[in-house]
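Be aware that the sequence shown starts at 483, since it is given in my numbering, and climbs by one per residue.
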Amino acid sequence: MRFEFTAEESDFKRDLSAFLDNALPDDWQGPADESRDDHWDLNQKIKQGLAGRGWLVMSWPKKYGGSDSSPMMNTIFAEEMAYRRAPGHDRFGTRMFGPTLMRFGSEDQRIEYLGSIARGEIQWCQGYSEPNSGSDLASLQTKAIDNGDHFTVTGAKIWTSLAHRADMMFMLVRTDPDSPPHKGISLIMVDMKSPGVEIQPIINMAGVHSFNQVIFNEVSVPKENLVGDLNDGWRVGMTVLNFERSGIDYAAWARAALEELVDYVSGNDPIIGTISSDPIVRSNLAELKTEIEAARLMCFDVAWRQGQGEVPSSEASMSKVAATEIYTKVLDYGVELLGMYGVLEPGSSQSELEGRFLKMRMFYASGPILAGTNEIQKNIIAQRGLGLPRK
483 MRFEFTAEES DFKRDLSAFL DNALPDDWQG PADESRDDHW DLNQKIKQGL AGRGWLVMSW
543 PKKYGGSDSS PMMNTIFAEE MAYRRAPGHD RFGTRMFGPT LMRFGSEDQR IEYLGSIARG
603 EIQWCQGYSE PNSGSDLASL QTKAIDNGDH FTVTGAKIWT SLAHRADMMF MLVRTDPDSP
663 PHKGISLIMV DMKSPGVEIQ PIINMAGVHS FNQVIFNEVS VPKENLVGDL NDGWRVGMTV
723 LNFERSGIDY AAWARAALEE LVDYVSGNDP IIGTISSDPI VRSNLAELKT EIEAARLMCF
783 DVAWRQGQGE VPSSEASMSK VAATEIYTKV LDYGVELLGM YGVLEPGSSQ SELEGRFLKM
843 RMFYASGPIL AGTNEIQKNI IAQRGLGLPR K
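Here's what the structure looks like:
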């Protein structure tokens, strides 16, 4: 692995930063609240701007709307977007499902869907977890019954981010109930406007509508929406998760949050004064900085391996664990450092950092759970990375 960006990569990072300077409102603090129409409009505007510059799917092949850029460039893009807490990149379509469709989809499917993702015209969501099926994903019960030219889908998905904004969902369904759990699963694409699709909002503890439960009441799905072979969805679906698991977003969010804390303790605050000389504060911030840099390098190692033609598995899991855990640590320390002043809502005369750290901590409590819990990731690291036996 190399530890410096090339001239081309550095130029791109600078150009992307300049684009975001112009695209984001002057008072933008992020992250975006997808339940707010003004934030969603900004998301769509930035996505179109990125697509117009060829940045949205730059690592894709040119024939599908990309520019054959390296996975490293794609990771630089993801890091800068996350560091700025900018909306507009649609990770479900561009980073997860699109690359999976290139590998397992038919040429007709690639032509129909990849172009719309590359142009920023379509929003995807992911249907994996169910009310009674989370970490043990192979126990999913949403069924798709073969009815000739279509499947009839019945069941429920939960914790579905952006379902209320999405045009399409890629989802795992059970197509053979008599097969062993991992063998009777298929991956299909569902139009979210199909009759029988019901979206029920879930408000998280930060007060934000990001998650949803999606009910499928005998939804008709054309057979041509099957991705890969029938009953081979477990292999397809796990490939999606490998694309999802790099922790670069969390490492970048952690870096941005730490910089906020450093600026805060370095200022002459009218309430707390200057605390940057406190040895305990300095030690804690230095330790967080060290862990952030380690997590960041793990994420770029995943990108480097992808550039060498590898499909990182345990390495992606390591980066996800390291990045989500350090981001949680940064937010926890921010909440501790700000004390009761950090709990106050924006607008209060004594609010510190407008209560952002507490809200971010509540919003991202799901980080160690999303894309496979960190406990599951550690099992993957033990088995695939260290060669240890299953329990």
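For each residue, glycine too, the CB sits at the ideal point set by N, CA and C.
Scanning its chain for C-beta atoms nearer than 7 angstroms, with the 5 sequence neighbours on each side dropped, one finds around residue 823 the residues 753, 832, 833 and 834, in chain order. Counting only unbroken stretches of 3 or more residues, the beta strand (DSSP E) elements lying wholly within the segment 641 to 679 are 650 to 656 and 667 to 673, in sequence order. By the CB criterion at 8 angstroms, residue 577 and residue 623 fall outside the cutoff.
Residue 757 sits in coil when the DSSP states are folded into three classes, being neither helix nor strand. Look at residue 571 here: in three-state DSSP terms it is coil, with no helix or strand label. In the three-state reduction of the DSSP assignment, residue 708 falls in the strand class, which pools E and B.
Taking a 10 Å sphere around the C-beta of residue 560, we find 16 or more other C-beta atoms and assign the residue as buried.
Per DSSP, residue 635 is one residue of the beta strand (DSSP E) stretching across 632 to 639. Looking at 762, 628 and 758, the one whose alpha-carbon comes closest to that of residue 702 is 628. Restricting attention to 806, 781 and 748, the CA atom closest to the CA of residue 795 is found in 781. Ranked by Cα distance from residue 642, the options 635, 634, 652 and 633 are led by 652.
Measuring C-alpha to C-alpha distances from residue 605 to each of 658, 632, 519 and 529 identifies 529 as the nearest. By DSSP's assignment, residue 625 forms a beta bridge with 636 and 656. Counting the other Cβ atoms within 10 Å of the Cβ of residue 586 gives 16 or more, which makes it buried. Here residue 565 has 734, 735, 737 and 738 as same chain residues with Cβ atoms under 8 angstroms from its own Cβ, once five neighbours each way along the sequence are excluded. Around the C-beta of residue 498, 16 or more other C-beta atoms lie within 10 Å, and the residue is accordingly described as buried.
By the C-beta density criterion, residue 511 is exposed, having fewer than 16 other C-beta atoms within 10 angstroms.
For residue 610, the closest of 713, 567 and 667 by C-alpha to C-alpha distance is 667. Per DSSP, reduced to three states, the secondary structure at residue 702 is strand. Under the three-state reduction of DSSP output, residue 859 falls in the helix class. Contact between residue 532 and residue 602 holds: their C-beta atoms lie close to 7 angstroms from each other, under 8 angstroms. When the beta-carbon positions are compared, residue 536 and residue 549 come within less than 8 angstroms of each other. Counted as a single uninterrupted DSSP element, the beta strand (DSSP E) harbouring residue 606 occupies residues 606 to 609. A check of alpha carbon separations from residue 575 across 567, 552, 817 and 600 identifies 600 as the nearest. The distance from the Cβ of residue 669 to that of residue 715 is about 4 angstroms, consistent with a contact at the 8 angstroms cut-off. Runs of alpha helix (DSSP H) with 4 or more residues, each lying fully within the segment 745 to 819, are found at 761 to 789, listed in chain order. With fewer than 16 neighbouring CB atoms inside 10 Å of its own CB, residue 857 falls in the exposed class.
Contact check for residue 777 against residue 798 fails: the beta carbons are separated by 8 angstroms or more.
Shortest Cα-Cα distance from residue 784 to any of 730, 620, 816 and 675 involves 730. Residue 843 and residue 817 do touch by the CB rule: their CB atoms are close to 6 angstroms apart, below 8 angstroms.
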